[in-house]
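Following: one structure in structure tokens, then a few remarks.
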Amino acid sequence: MPKPGPGQILVRVRAASVNPIDWKMRRGMMAKVFPIGFPRILGRDCAGEFEGGLVAGVSDPRTDGTHAEYALLPADQTAPIPEGLSPEEAASLCVTGISAYIALVENARVSGGHRVLVHAGAGGVGSLAIQIARQLGCEVFATASPANHEYCRSLGAAGVVDYRGQDFSTSVPPCDVILDTIGGDTHRRSLTMLKPGGTVVALAAEPIPKSKERRNDVRDTMVNVRPTRDRLLQLFQWATSGIIKPQVTQRFGPENAARAYAISESGHARGKMVILF
């Protein structure tokens, strides 16, 4: 059993979510940012027992993670789970919820009347971003595969574009804010459809190309995801009050964690997958 060091707490894990960073670290794609050795326990967020209560939080990616029966978490990156929120729901909100919250609320500062486009709207970040933007009074559009169009609409998207068969840059009206979780050419085309003064916020999966057509009348920003207790408490409060609904769509035992990783790596996961311990 791991022993907590300064500023850490030991959590008996009940649920841990699966995030793209998990398989990316396994494949060595994050080596320049988080150089690690193997063997290594992966996993970024979890919920479980601590000192007789339930907490949820985010691990330090430089240390062993949360896909285990016990995990060490930085104390300032955890928060108590309120009544009405299950451990699996709380775990599903940590990394993806904080990512969507920082991108839309703190960085882009979305507000009522804004038109927002969420790329990969059916994914872990996208499914929460649609809800957050809609609850803040925005008109929300999303990109998704045809199989996920109705799902995105159920979350609050006014319109959904097939990212395979349609050109979102001409199918969606000019936007105030675009959340880019894809990168690559998607990012370049997103910049072309911003209103003057608009913002593209990137949580990009692919490298963002340098463009000779870069506009001077828009903001092009990258999000640095910084887990904090206050952000977690805000997300948990929104969830218990019904402002957002956690999107736990698949559950796995530890023996099937590899399957969960494979689904995440395929890029076709809907909502959030959690591993139950």
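For the sequence shown, this note's numbering begins at 398 and goes up steadily by one.
Using N, Cα and C, we set each Cβ at its ideal position, and we do this for glycine too.
On a CA-only basis, which of the options is nearest residue i? Give me that one, please.
| i | options | result |
| --- | --- | --- |
| Val574 | Thr567, Ala519, Leu588 | Leu588 |
| Gln631 | Met670, Thr618, Gly494, Ile579 | Gly494 |
| Lys592 | Asp614, Phe431, Gly445 | Asp614 |
| Pro571 | Cys549, Thr578, Arg585, Gly595 | Gly595 |
| Thr463 | Arg626, Asp559, Val415, Leu600 | Val415 |
| Glu448 | Ala487, Ala472, Lys669 | Ala472 |
| Glu662 | Lys421, Ala599, Ala488 | Lys421 |
| Arg648 | Arg656, Leu600, Cys549 | Arg656 |
| Gly581 | Gly650, Leu600, Pro458 | Leu600 |
| Ile640 | Ala530, Val430, Ala488, Pro403 | Ala530 |
| Asp564 | Gly440, Arg437, Arg585 | Arg585 |
| Leu439 | Ala428, Arg423, Ala517 | Arg423 |
| Cys491 | Lys642, Gly664, Glu652, Arg628 | Arg628 |
| Thr583 | Ala541, Pro643, Gly425 | Ala541 |
| Val502 | Ala428, Arg626, Val620, Tyr658 | Val620 |
| Ser551 | Met426, Ser638, Glu652, Lys642 | Lys642 |
Following the continuous beta strand (DSSP E) through residue i, name the residue where it begins and the one where it ends.
| i | result |
| --- | --- |
| Lys592 | 591-599 |
| Gln405 | 405-414 |
| Cys572 | 572-577 |
| Gln647 | 645-649 |
| Val455 | 450-455 |
| Ile527 | Where Ile527 is concerned, there is no enclosing beta strand (DSSP E), although the alpha helix (DSSP H) it sits in stretches over 521-532. |
| Val515 | 512-515 |
| Gly553 | Segment: none, Gly553 is in no beta strand (DSSP E) and carries neither H nor E. |
| Glu446 | 442-447 |
| Ile672 | 669-673 |
| Phe538 | 536-541 |
| Ala476 | 475-477 |
| Asp617 | 616-619 |
Less than 6 Å between C-beta atoms, sequence neighbours within five positions excluded: which residues of the same chain meet that for residue i?
| i | result |
| --- | --- |
| Cys535 | Val507, His511, Val513 |
| Ile660 | Ala666 |
| Leu470 | Ile406, Val408, Gly454, Ser456 |
| Gln474 | Gly454, Val455, Pro624 |
| Val515 | Gly523, Ala526, Ile527, Ala539, Leu576 |
| Tyr676 | Here the chain has residues from 398 to 674 only, and residue 676 is not among them. |
| Arg616 | Thr596 |
Between which two residues does the alpha helix (DSSP H) carrying residue i extend?
| i | result |
| --- | --- |
| Asp419 | 417-423 |
| Leu630 | 626-637 |
| Phe565 | 565-568 |
| Glu662 | 654-663 |
| Tyr467 | Looking at the DSSP string, Tyr467 is not in any alpha helix (DSSP H); the run it does join, the beta strand (DSSP E), is 467-471. |
| Pro484 | 484-498 |
Spatial neighbours of residue i within its chain, please: CB distance less than 7 Å, with the 5 preceding and 5 following residues excluded, ordered by chain position.
| i | result |
| --- | --- |
| Val410 | Cys443, Gly445, Thr463, Ala465, Glu466, Tyr467, Ala468, Phe674 |
| Met590 | Ser566, Val569, Pro571, Cys572 |
| Val537 | Val513, Val515, Ile527, Ala530, Arg531, Gly553, Ala554, Ala555 |
| Met427 | Ile418, Lys421 |
Report back the beta-carbon spacing between residue i and residue j to the nearest angstrom; my notes put them in contact at under 8 Å.
| i | j | result |
| --- | --- | --- |
| Val671 | Ala413 | 7 Å |
| Asn545 | Thr618 | No, Asn545 and Thr618 are not in contact; Cβ-Cβ is about 26 Å, not under 8 Å. |
| Pro399 | Asp461 | 7 Å |
| Gly668 | Gly521 | 7 Å |
| Ser489 | Val622 | In fact, because the Cβ distance is near 15 Å, the residues do not count as touching under 8 Å. |
| Arg437 | Asp419 | Actually they are not in contact, since the Cβ atoms of Arg437 and Asp419 sit about 11 Å apart, beyond 8 Å. |
| Phe431 | Pro458 | 5 Å |
| Val654 | Glu486 | Looking at the sequence provided, one finds Ala at residue 654 rather than Val. 19 Å between Cβ atoms; not a contact. |
| Ile579 | Ala517 | 6 Å |
Whose C-beta lies closer than 8 Å to the C-beta of residue i among residues of the same chain, with five residues either side of it excluded?
| i | result |
| --- | --- |
| Gly509 | Leu533, Gly534, Cys535 |
| Pro484 | Arg411, Ala412, Ala444, Gly445, Leu451, Ala453, Ile478 |
| Tyr658 | Val415, Asp419, Trp420, Arg423 |
Is the number of C-beta pairs between the region 548-560 and the region 482-500 that are closer than 8 Å three or more? no
Segment contact flag, the region 549-556 with the region 473-487, C-beta cutoff 8 Å, min 3 pairs: no
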